[in-house]
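Numbering of the sequence shown is given in this note's numbering, commencing with residue 514 and proceeding in unit increments. Note that CB positions come from ideal geometry on N, CA and C, so glycine has one too. Worksheet: one structure, shown below.
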Amino acid sequence: MFIPNLLLSLTLLNFLPNIDQSHCNDSRGRRLEQPSYLTKDVKVIYNVRTRDKVAFITIDDGVYVSDSLAKFIDDNQLPITTFALAGELWRNRDWFTQRTNMTFENHTNTHAHMTLVKPKQQGYEICRASQVIRNVTGERPVFFRPPGGSWNEEVRASVGQAGIKYIAMWNVQVDKGKILNRGRNSLSPGDIVLLHYTHGLERDLKVLLTKMKQDGLEPALLRDYLK
Ligand SMILES: [Zn+2]
């Protein structure tokens, strides 16, 4: 049976996670031209230092999206930094690419707990996800968010080798209609807020936007502040 090379290499990438992925390849196995960063140059950020009255809406995983959510995001012209898993970004690619003020960042291929896997597998998780982001959006991710927020120096090194300069953590979370703000009463300029693409996302966004308005903050894109 004839198998096109492209299909074959995609299949190999999907089913041979132990191949050397200390650098990133495209779907034909060619090395991608991109910078790599030394471990010490990979910054881990929990918030952004700025005097601008902005906070950053970041939404993870990408499992559930809907027309109603799209309308809410579009009507409010919300700038959103999305950390979708590669498979979810691909599955919902039409929905995601129709949003005009959204950027797509790296949250691994399979939601692997990065500190529990070997560097080779870490590299694969990051590179594979970057490839999918490039295929879907035409752009390279600038930020990496480790699933469960789990990172260490080894993960940091893998992130740098894969050509990503920032590990983007968060200092505020909104979940099930509640703002988890580490004991603080108000939001501050530069806060990075974590949400998830769940059935409750629209409600969580409404709760967050009400609070941001109270505290005099506008939503902004991470990429407009860090490159
Ligand atoms: Zn996640």
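3-residue-minimum beta strand (DSSP E) runs that sit fully inside the region 640 to 716, ordered along the chain: 679 to 681, 685 to 688, 691 to 693, 705 to 709
At least three beta-carbon pairs within less than 8 Å, the region 664 to 673 to the region 643 to 654: no
Just reading off the beta strand (DSSP E) that Asp574 is part of, what are its end residues? Position 61 of the sequence shown, counted from the start, is the residue given in the question as residue 574. Segment 567 to 574, the beta strand (DSSP E) holding Asp574.
Any idea which residues DSSP pairs Pro732 with across the strands? On the sequence shown, position 219 is the one that residue 732 refers to. DSSP output for Pro732 lists Ala568 as bridge partner(s).
As a quick check of your reading: which residues have a C-beta less than 6 Å from at least one non-hydrogen atom of ligand 1, in chain order? Asp573, Asp574, His620, His624, Pro660
Three Cβ pairs or more, each shorter than 8 Å: is that satisfied between the region 552 to 571 and the region 695 to 708? yes
Whole angstroms is fine: what's the gap from Lys584's alpha carbon to Asp573's? For the purposes of this step, residue 584 is identified with residue 71 of the sequence shown, where counting begins at 1. For the purposes of this step, residue 573 is identified with residue 60 of the sequence shown, where counting begins at 1. In a straight line, the C-alpha of Lys584 is about 19 Å away from that of Asp573.
Between Ala599 and Phe617, which are expected to be in contact by the criterion C-beta below 8 Å, what is the C-beta distance as a whole number of angstroms? Counted from its first residue, the sequence shown places residue 599 at position 86. Counted from its first residue, the sequence shown places residue 617 at position 104. Rounded, the Cβ-Cβ distance is 10 Å, inconsistent with contact.
For Asn694, collect the residues of the same chain with a Cβ closer than 6 Å to its Cβ; drop the 5 residues on either side in sequence, then sort them by chain order. Reading the sequence shown from its first residue, position 181 is the one you call residue 694. Val685, listed in sequence order.
Collapsed DSSP secondary structure at Arg544 in the structure displayed: Along the sequence shown, read from residue 1 onward, the residue named residue 544 stands at position 31. Arg544 falls in the strand class under three-state DSSP.
Can you tell me where the alpha helix (DSSP H) with Ala599 in it begins and where it stops? The residue given as residue 599 occupies position 86 in the sequence shown. Element bounds for Ala599: 599 to 604.
Identity of the residue in Tyr559, Leu602, Glu715, Arg541 nearest Ile680 by Cα: Taking the sequence shown and counting its residues from 1, one reaches residue 680 at position 167. It is Tyr559.
Since Asn560 sits in a beta bridge, which residues does DSSP pair it with? Looking up residue 560 in the sequence shown gives position 47. Asp704, per the DSSP bridge assignment.
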